[in-house]
Amino acid sequence: MASLTVTTSQACLWQYRRYKESLIKWERIELQSKRDFIPPFTTIQELLQLDPKQNQYLTYQTQGQLLDKFYYVWRYNDGREGFQLCGILKDKESHIVINLGWIPVELRDSKHNLANKEYQFKILIKRPEFSDVLKRQEFKGFIDLQQIVKENNLNQESLNVVVDRLGDEGLFEDKLYPYPNQLQRPYLTPETHSAYSTFWGSCTILGLFSIRKLLKM
90 MASLTVTTSQ
100 ACLWQYRRYK
110 ESLIKWERIE
120 LQSKRDFIPP
130 FTTIQELLQL
140 DPKQNQYLTY
150 QTQGQLLDKF
160 YYVWRYNDGR
170 EGFQLCGILK
180 DKESHIVINL
190 GWIPVELRDS
200 KHNLANKEYQ
210 FKILIKRPEF
220 SDVLKRQEFK
230 GFIDLQQIVK
240 ENNLNQESLN
250 VVVDRLGDEG
260 LFEDKLYPYP
270 NQLQRPYLTP
280 ETHSAYSTFW
290 GSCTILGLFS
300 IRKLLKM
């Protein structure tokens, strides 16, 4: 009974922390979704100094050139198979990995002319991704920062943050792809986390009462 109560109390605290984090995310997205909101401009070096846990779901504007090296991350979009097209954006001093958007499978081997051009992007701060089971053949289902940094001899600070390109159109000539990422609300709402926290909190209280009753017997 004691071990079960400890488990439910930990679950309660975990959900409560997720509830607080979710509140911050939703407030940020609500603010940044307004038409008159203009993301502040920042350099790549400044982006790399941000704590992704504290700054995720914040939007900025930044600029740089794309290196002629791209990575394909297996991902579904509205039920279609495809990839997130990822690149490396650089300025004079620093490099950051950027998710440029989604492309369908048939464009995997198509040629594009994105490298060595100057861009100004609206971007979203994301936490680095970690290995998962979403993979198909040789393609990974996550942005492998370790591999990208190692293969391109980037500074270790490039491991700190990954960013998503936001926008309304693609970068290819057809202006459709890569289909840009969107500023979307988290799947789980603050209310959902609050409900889970309340449930596990109630289980913890019930467990404490049960232990107390057993000790009096």
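Positions in the sequence shown are counted from 1; adding 89 to them yields this note's numbering. Ideal Cβ placement from N, Cα and C applies to all residues, glycine included.
Among F126, Y108, Q173, L234, which has the Cα closest to the Cα of Y149? Distance check between Y149 and each of F126, Y108, Q173, L234 places F126 closest, using alpha-carbon atoms only.
Mind listing, in chain order, the continuous alpha helix (DSSP H) runs of no fewer than 4 residues lying wholly within the stretch 137-173? Every unbroken stretch of the alpha helix (DSSP H) spanning 4 or more residues and falling wholly within the stretch 137-173 is given here in chain order: 141-144.
In whole angstroms, what is the alpha-carbon distance linking V251 and I232? Approximately 9 Å between the Cα atoms of the pair.
How long is the line joining the alpha carbons of Y146 and D257, rounded to whole angstroms? Between the C-alpha atoms of Y146 and D257 there is a straight-line separation of about 18 Å.
According to DSSP, simplified to helix, strand and coil, what is T254? It is Arg, not Thr, that sits at residue 254 in the sequence shown. In this structure, R254 counts as strand in the three-state DSSP scheme.
Do the stretch 163-175 and the stretch 191-198 make contact, defined as three or more Cβ pairs closer than 8 Å? In this structure the stretch 163-175 lies against the stretch 191-198, because at least three pairs of beta carbons, one per stretch, are closer than 8 Å.
Output yes or no for whether 9 Å exceeds the beta carbon distance between L174 and Y165. At a Cβ-Cβ threshold of 9 Å, L174 and Y165 do not count as neighbours.
By alpha-carbon positions, which one of Q154, P129, E110, D140 ends up nearest to N249? Distances from the alpha-carbon of N249 to those of Q154, P129, E110, D140 put D140 closest.
From Y105 to V95, what distance separates their C-alpha atoms? So the alpha carbons of these two residues sit roughly 15 Å apart.
9 Å Cβ cutoff met for W115 and T281: Against a cut-off of 9 Å, the Cβ pair of T281 and W115 comes out as no contact.
Using DSSP with H/G/I as helix, E/B as strand and the rest coil, what is F130? DSSP, reduced to helix, strand and coil, places F130 within a strand of the structure shown.
Smallest Cα separation from W103: which of Q143, I133, S299, S283? Taking only the C-alpha atoms, the option nearest W103 is S283.
I177 bridges to which residues according to DSSP? In the DSSP output, where bridge partners are listed per residue, I177 has V186.
Using CA coordinates, which residue listed in Q138, W163, L178 is at the minimum distance from D157? When each option's Cα is compared against that of D157, the closest is L178.
Is it buried or exposed, N270, if we count other Cβ atoms within 10 angstroms and call 16 or more buried? Answer is buried; the Cβ neighbour count reaches 16.
Continuous alpha helix (DSSP H) stretch holding E271: start and end: The amino acid occupying residue 271 in the given sequence is Gln; Glu does not appear at that position. In the DSSP assignment, Q271 falls outside any alpha helix (DSSP H), carrying neither H nor E.
Local Cβ density within 10 Å of E119, reported as buried at 16 or more and exposed below that: Label assigned to E119: exposed.
Report the three-state DSSP secondary structure of P193 (helix, strand or coil). Collapsing the DSSP output to three states places P193 in a strand.
By the three-class DSSP mapping on this structure, what secondary structure does I232 have? I232 falls in the coil class under three-state DSSP.
Span of the beta strand (DSSP E) around P208: Before going on, a small fix: residue 208 reads as Tyr here, not Pro. Start and end: 207-215.
Residues near L137 by beta carbon distance below 7 Å, same chain, minus five either side: Closer than 7 Å at Cβ, skipping near neighbours: S183, I185, E246, S247, N249, V250.
Distance between D180 and Q134 (C-alpha atoms, nearest Å): Near 8 Å, if we compare the C-alpha coordinates of D180 and Q134.
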